[in-house]
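One structure is given here, and the rest of the page talks about it.
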Amino acid sequence: MNAILANPTVKRLLACLFGGFVLALMIGDQHGSQNDFGISFHQAVHPTRLLVFLGIGLAIFAALSFRPLLLPYAKAPGTTGIIAGFLAVLAAMVLMNWYDPVGKFGDLATQVGNTNGLDFLSTAFFGWLGYTLWFGCLVVGIAAVVTRNAVLGYVLLVAGAASAVIAFVAHVNVVDFAGGKDHSLGVYAAVVGYVVFAGAGLVVARAKAEVADPRAFVEAVMGWRPGFPLAVFAGVLLPIIFNSASWFAPLQLNLDYAGVKKDFDGIGLSSLAWQFVSWLGLVLSIATVLLALAATYLRHRLLGAVTAVVGFVGLLLTFFTVHAVSDTGSKQAPQYGGMWQNLGAGGWVLCIAFGLLMVSGILAMQRRPVLGRDAEAGIAALPVHQALAKTATSSLTKTLVPVAILLALFYPPTLPVVWQNVIVTQIGVYILLAVGLNVVVGWAGLLDLGYIAFYGIGSYTTAYLVGALPLKPPSFLHLPALWAIPFAILACLIAGVLLGAPTLRLRGDYLAIVTLGFGEIVQIAAINNPFNLTGGPTGPNLSFPRIHIGPLKVTFGLDNLPYWYLLLIFIVVMVILFYRLEGSRLGRAWAAIREDEVAAQATGINTTRVKLLAFAIGASTSGLAGVFFATKVGYFDPSAFSLQNSILIVAYVVFGGMGSLPGAIAGAAVLTWLPQFLKDQVPPADRFMWIGALVTAMMIFRPAGLIPAKRRRAELSGFGDESAAPDSSAVPRSGAM
3 MNAILANPTV KRLLACLFGG FVLALMIGDQ HGSQNDFGIS FHQAVHPTRL
53 LVFLGIGLAI FAALSFRPLL LPYAKAPGTT GIIAGFLAVL AAMVLMNWYD
103 PVGKFGDLAT QVGNTNGLDF LSTAFFGWLG YTLWFGCLVV GIAAVVTRNA
153 VLGYVLLVAG AASAVIAFVA HVNVVDFAGG KDHSLGVYAA VVGYVVFAGA
203 GLVVARAKAE VADPRAFVEA VMGWRPGFPL AVFAGVLLPI IFNSASWFAP
253 LQLNLDYAGV KKDFDGIGLS SLAWQFVSWL GLVLSIATVL LALAATYLRH
303 RLLGAVTAVV GFVGLLLTFF TVHAVSDTGS KQAPQYGGMW QNLGAGGWVL
353 CIAFGLLMVS GILAMQRRPV LGRDAEAGIA ALPVHQALAK TATSSLTKTL
403 VPVAILLALF YPPTLPVVWQ NVIVTQIGVY ILLAVGLNVV VGWAGLLDLG
453 YIAFYGIGSY TTAYLVGALP LKPPSFLHLP ALWAIPFAIL ACLIAGVLLG
503 APTLRLRGDY LAIVTLGFGE IVQIAAINNP FNLTGGPTGP NLSFPRIHIG
553 PLKVTFGLDN LPYWYLLLIF IVVMVILFYR LEGSRLGRAW AAIREDEVAA
603 QATGINTTRV KLLAFAIGAS TSGLAGVFFA TKVGYFDPSA FSLQNSILIV
653 AYVVFGGMGS LPGAIAGAAV LTWLPQFLKD QVPPADRFMW IGALVTAMMI
703 FRPAGLIPAK RRRAELSGFG DESAAPDSSA VPRSGAM
């Protein structure tokens, strides 16, 4: 028996079956009672339900056991698209709402099944057809990849396109039949998934290569006609913006583009804004899309310049119109909110569309790189994926960075208030903290478990300078909240030096223990201190900040967006500074200390000064985050600076990728967004189980992090494919040495 259990195959089988059993407990809305928690367990392990999850475990076991046989198919053209399409439709069917008054796909399917009078297509789609199309596309896609049959690829192309149309039409019919206000996104995610299925079918049918390179494919698409994909995407957005998106009072009037024209007729809307909602917005959008398509396809510099100018003008006009609609609407009907409030997604998404068109015009203005004969020969001698990276990576970067900026500017106003608060008080602030800790942990290799203490020092420094603590500052130091930023940064910088100076001789676990103790000392000192200097466990109360500089007057209050835009400015500035710092002489010195401190010292690096700078610079960033936390929340207590939060920040850096600036940002964003997202998806007690499962999967399948640093990736996976290295026997004897 022991010999059987020691067999690796048997161990793998038992682990996969146990994993399926755990999934059965994790997935679902089973609930027990205070007297009998076994009720939920019995519901979770119902025989029919348990067999399904054990089947999932067996499928995973088969995939792991036959991995050498499946791996060539996993790298075949079209596989990545099929997996992406399947996951997109899965997210739409399981996680997202399809009709706001009802909820998710399953709930809506139940309601449709109990309703008479709906057309056959809608009844079938929200019954058996929806799941059949989903799994049908998956089965046809797998068959097409395995057999490399072009006919099956074209079948998947047609099936994916038809499924997208059926899903959209069925959803529209149900919403029209039921009435009510709907801003759900499930159907759009499903349509995107089916379109990806269709694209994967086209790739399978047309691809000639045996092994796919998705990254090279994306780079090739972006580099073929820089800006052309952005123009196409903006054109796809227009029907949604002008036909179905809400422009004003989405929860009350739900006015679309035509509804704004109708309801705002003759009530004081400015002439330019009235023309925009009457005809100018639609005509200008279509004209700009056509200009962008022509400019990017022809790579015509003059057309590109015209597109960029027209796109910028369209963005400004849209922004002005959105402001005018909110201002006029609030004056005529104060119950619908004030200026910049109660706006739908339509105007903001149109701003994104015009921004994309402007960027596409700028990209079209850039000429193709002119390479000399030697450079062309050098690139041609590289492997295909490296050659594409040499010529097209810049196009990909120039495309993605402006898109990220546009989303950061115009996507937050479309979010509910709850999510706006999340992106300010959690995502934005923790991005700053992760970027600062990445200097210490990721670049210098110094494990700091008390980093949250600097966050607390920045918060309490702000509270002291605005006079919110029992200990009041002198009159000349009594400052507005945002003017406390340089003082909070300076206080944290000094604290970082004070922590780093006595710990310079410590390494590894000993350094972690000392920094952990520093964090605990700061928290306890905030609770218990002579004369109640910090307000003790109750904490301080701060008033909302203001900015009055000449004509610029901004009063911060309960609205989250002013905080977000101010925070975004500081995030961008800090990212640019740290990006430059990483490639500087100091950044290279940190990397040398991280790899081997003794060797770094032997090469002449002043390790004492360099490590002190790492502690000081990393701590100063947390001071900036502390100012925003204190002013936005208004009230805080020492429990916000606990050891658990400090470990969470370390987890953000490790999860995103130690030493990677984009990784630290991505790790903080994902791990702060995920708990809030899971609130509406799983029982509250199960949230941390799902987060733990995700972190465990990351440790196994992507140990370098979400966006790993190049050096870290090389340490874990090597510098390249050794099998692709040239054979030394092919080198002429004269050039062998």
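Per our numbering, residue 3 is the first one in the sequence shown, and the count goes up by one each step. Ideal Cβ placement from N, Cα and C applies to all residues, glycine included.
Taking just the CA atoms, how far does residue j sit from residue i?
i	j	result
S648	N440	13 Å
G83	S280	41 Å
G620	A695	30 Å
V148	L563	50 Å
A294	A233	6 Å
T505	G438	19 Å
V193	L305	32 Å
R590	V213	37 Å
L501	G519	11 Å
F803	H480	Nothing can be reported for residue 803: it is not among the residues displayed for the chain, which extend from 3 to 739.
I487	F630	9 Å
F356	I243	12 Å
M367	V403	17 Å
I595	Q646	28 Å
G30	L579	46 Å
Y75	I85	12 Å
G665	G659	5 Å
D265	L318	23 Å
L135	F127	9 Å
F199	L123	21 Å
D450	W130	54 Å
G270	D329	10 Å
L19	L187	35 Å
E584	L508	24 Å
T463	Q428	20 Å
K474	I364	53 Å
Y133	V91	10 Å
State the CB to CB distance for the pair residue i and residue j, rounded to an integer number of angstroms; the pair is presumed to be in contact (CB under 8 Å).
i	j	result
W592	G430	Actually they do not touch by this definition, with Cβ atoms about 25 Å apart.
D184	D258	Actually they do not touch by this definition, with Cβ atoms about 12 Å apart.
I58	L89	No, I58 and L89 are not in contact; Cβ-Cβ is about 15 Å, not under 8 Å.
F412	I459	Their Cβ separation, rounded to whole angstroms, is 35 Å, which puts F412 and I459 out of contact at 8 Å.
V220	L398	7 Å
P472	G541	With a Cβ gap of about 11 Å, P472 and G541 do not count as contacting.
V1	G237	The structure shown does not extend to residue 1, since the chain is modelled only from 3 through 739, so no value can be given for it.
Can you check which of these residues, the options, is closest to residue i by C-alpha distance?
i	options	result
G707	F657, I667 and L673	F657
V655	H185, P415, A642 and T674	T674
A470	G138, F137, G636 and L317	G636
V420	L73, F679 and A146	F679
R301	W226, T609, G283 and R509	W226
P10	G21, I58, Q337 and F63	F63
A741	Q45, A61 and V47	Here the chain covers residues 3 to 739 and nothing more, so residue 741 does not appear.
L240	L352, I607, I578 and A172	L352
T623	S67, R150 and I491	I491
L154	G261, W350, A207 and P70	A207
L568	A209, G21, P70 and V426	V426
V189	G181, V176, A180 and G182	V176
L15	L27, T401, F68 and D682	F68
F23	I6, A5, A8 and Q45	Q45
Check the DSSP bridge columns for residue i and list the partner residues they point to.
i	result
L257	F250
K106	N99
L345	F250
N543	Y637
Can you find a CB in chain B that lies within less than 7 Å of the CB of residue i?
i	result
G502	No chain B is part of this structure, which consists of one protein chain only.
Inset, instruction - Decide yes or no for the touch test of the segment 162-177 against the segment 38-58: beta carbon pairs closer than 8 Å, at least 3 of them. - result: no
Legend entry - Meets three-Cβ-pair contact criterion under 8 Å: the segment 313-323 and the segment 269-284: yes
Legend entry - Touch test, the segment 136-154 against the segment 201-218, Cβ-Cβ under 8 Å, three pairs minimum: yes
Inset, instruction - Count the C-beta pairs between the segment 455-472 and the segment 523-534 that are closer than 8 Å, then say yes if the count reaches three, no if not. - result: yes
Inset, instruction - Count the CB pairs spanning the segment 107-115 and the segment 155-165 that are closer than 8 Å, and state whether there are at least three. - result: no
Legend entry - Segment contact flag, the segment 600-609 with the segment 399-410, C-beta cutoff 8 Å, min 3 pairs: no
Inset, instruction - Please confirm if the segment 335-354 is in contact with the segment 245-252, defined as three or more CB-CB distances below 8 Å between the two stretches. - result: yes
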